[in-house]
Every structure is written in C-alpha cells, then in structure tokens.
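Q: One line per chain: the protein sequences are A and B, in this order. Using this note's numbering, count along the first sequence one by one with no gaps and you end on 113. Using this note's numbering, count along the second sequence one by one with no gaps and you end on 1156. Ideal Cβ placement from N, Cα and C applies to all residues, glycine included. To start, I am sharing the structure in question, which I have written as structure tokens.
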Amino acid sequence: MSASRGGAARQAAPVFAALGDTTRLALVRRMSVEGPLSITRLSEGRGMTRQAITRHLHSLGRVGLVRDTRQGREHVFSLDLKRLEVAREYLDYVSAQWDAAAARLKAFVEAEE
Amino acid sequence: MTTDTDQPQTTDRIEKRFEVNAKRSRVWRAISDAGEFGAWFGMKLDRPFAAGATVLGQLTVPGYEHVSLEIQVERIEPEGYFSYRWHPYAIDPKADYSAEPTTLVEFRLEETTGGTAVMITESGFDRLPSSRRAEAFRMNDAGWTGQSRKLASYVS
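Now the structure itself:
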C-alpha cells in the first residue's frame, strides 16, 4: 500500500491544484451532473468568454480530469471520473464523519456507567 | 478508536463496528430516544422516533447550526435494531436534495461479555448522483482539511 501511496501523491497534487478554483470546480460539477457538454453549453450563464472557459478546461485536461473529443465542428468535454476517484473520496469523507459520531456515542453511554 | 470494517472494494456501504462499556439497554436508549440521539450526534430533533415517522433535525454542531435534515424512521426493534433513511451529509442549505435517493442507516446492538457491540451501517451510496460524490472536493472546510491532510501524508 505504501509503495502505491507515493505514486498516488505525485498524481494527486496536480489534481487538487487544478480543482482549487471556483470556475473549474463549477465546470466539474456541471459535467458530473449533465455529462459530456460542448464549450457553448459550458460557457452559458458563466459571464465568461469561450476562450476563458477553454483555458480552464485545458487546465483540467492537463491533469487528466477532463477529456476533449470532437463532435462535428464542436469540441465536447467530459469528466474522467475514474481519475478523480470521487466515489472513494466521498465515502472516505462520510466514513470519517461516522468515526467521529461513533466516538461521541461511546463517550456518551460510558459517561454514566 | 478503530471502527472500520475493512471493505476496500465497496463503494455502496460504510460499516462501523465497535464495543462500548455499557449495558445494551443503556446504548439502546442513546440511539432510540430522539433527545439522547441528538445529544451525542449533535442535533436537535423535533419529535420522538417512531416507525414510519419523519423527524426533523437541526444541527447543533458549531458552524453548522443553519443545517436542517430529515430523518425517515424505518424500523425499531427494541434493544436490537433501529433504522432510518436520510440524505447523507446534505449540508448545503442552497441545494435541494429532496429528489435524490436516500441512504439507509442501520444500528444493530449485541450483548458482549464486556458490554455492548454496536454495528452502524450506511448503504445506498452507489445510487447517489455523481455530483454528490464530487462534493467531497468542494463541500466545506472539513472536507478540504481532510484532503490536505491526505496530501500531506502522501508526500511525507
């Protein structure tokens, strides 16, 4: 496990860096809800130019979070959820909350005994 | 305290098993009495737990007092089993979680020589939309602190 952890560290740091921006997080969220989207759709309602959105998408693409495919004349972007390992991360988060709750329950019932 | 049941392949459920030095009847009261449940969990519940009841909770955890949640009680079997459904850690007050699938939380109690074994499971995560899972990355300070800690342990 520790051997793969070192590799995971080198892979994880740039991913977190790419996600450390509200616009890019919003783009990730939209793609995770709506699936693959064109630049046109991703630019809607963001108050930013297509060029600015494209730059953000390329930042996400460089760390492997987003895939870029062509459909006719449009670029379509989609999320690479495996790269993000979001399912595992989310479960880790909820799991930590239950650890804390379990510790509080234990302290609570043992206080009177 | 170590409570993890090791299940590295599963993304659908979380299981916690731990022992407490207290009688089963005492632990049962702590999980089945809404007032006591709220005391250790960190929320104020608006009515007693009863099978089929919907109980509203308001978090009392500092910084999260604005968060309310709904607990749909499923089954109560005195001193042995208690289950409910909820939207797990639905803590964004601006988001509408009502259309999303819920997860099932189950408490099981067993008498042991030293006291009581408590098993908590939460299941149904695979049915949640991926957007909820992505929240681990944006959810709140605690999430980010956890992520930074993980990064720190990766690099050290």
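(1) Against Val1020 (chain B), what residues of chain A qualify as contacts under a CB-to-CB distance less than 7 Å, listed in chain order?
(2) Examine chain B for any beta-carbon lying closer than 7 Å to the beta-carbon of Ser59 (chain A), and answer yes or no.
(3) Does Tyr93 (chain A) come out as helix, strand or coil in the three-state DSSP assignment?
(4) In chain A, what lies closer than 7 Å to Glu1065 (chain B) by C-beta?
(5) Determine the direct distance from the alpha carbon of Asp1096 (chain B) to that of Gly72 (chain A), and round the result to whole angstroms.
(6) If we ignore side chains and look at the alpha-carbon of each, how far apart do Asn1021 (chain B) and Val1118 (chain B) end up?
(7) Residues of the segment 1028 to 1060 of chain B in Cβ contact with chain A at a cutoff of 8 Å, in chain order, please.
(8) Closer than 9 Å by beta-carbon distance: list the chain A residues that pair up with Pro1165 (chain B), in chain order.
(9) Which word fits Ser1098 (chain B), buried or exposed, when buried means at least 16 other C-beta atoms lie within 10 angstroms of its C-beta?
(10) Below 8 Å, how does it come out for the segment 97 to 110 of chain A and the segment 51 to 62 of chain A: are there three or more Cβ pairs, yes or no?
(11) Using only the alpha-carbon positions, how far apart do Lys1044 (chain B) and Phe77 (chain A) sit?
(12) Spatial neighbours of Val1055 (chain B) within its chain, please: CB distance less than 7 Å, with the 5 preceding and 5 following residues excluded, ordered by chain position.
(13) Among B:Gly1124, B:Phe1125, B:Val1061 and B:Thr1116, which one has its Cα closest to the Cα of Ile1031 (chain B)?
(14) Should Thr1005 (chain B) be labelled buried (16 or more other beta-carbon atoms within 10 Å of its own) or exposed?
(15) Residue ranges of each beta strand (DSSP E) run of no fewer than 3 residues wholly in the segment 24 to 110 of chain A, ordered along the chain?
(16) What residues of chain B sit near Ser38 (chain A), judged by a beta carbon separation below 8 Å?
(17) Evaluate Val1061 (chain B) with the Cβ neighbour count: other Cβ atoms within 10 Å of its Cβ, from every protein chain shown; 16 or more gives buried, anything less gives exposed.
(18) Mind checking Glu1077 (chain B): buried by the 16 CB within 10 Å criterion, or exposed?
A: In terms of the structure at hand:
(1) Lys106, Val109 and Glu110
(2) no
(3) helix
(4) Those do not exist, as Glu1065 (chain B) stays about 17 Å from chain A at its closest Cβ, beyond 7 Å.
(5) 36 Å
(6) 11 Å
(7) Ala1030, Ile1031, Glu1036, Ala1039, Trp1040, Phe1041 and Gly1042
(8) Nothing can be reported for residue 1165 (chain B): it is not among the residues displayed for chain B, which extend from 1001 to 1156.
(9) exposed
(10) no
(11) 44 Å
(12) Ala1034, Leu1045, Asp1046, Arg1047, Phe1049, Ile1071 and Val1073
(13) B:Thr1116
(14) Reliability of the predicted coordinates at Thr1005 (chain B) is poor, the pLDDT of 45 falling under 50, and the value obtained from them is presented with this limitation in mind. The residue in question, Thr1005 (chain B), is exposed, as its Cβ has fewer than 16 Cβ neighbours within 10 Å.
(15) 66 to 71 and 74 to 79
(16) Per Cβ cutoff of 8 Å: no residues; Ser38 (chain A) is ~19 Å from chain B at best.
(17) exposed
(18) exposed
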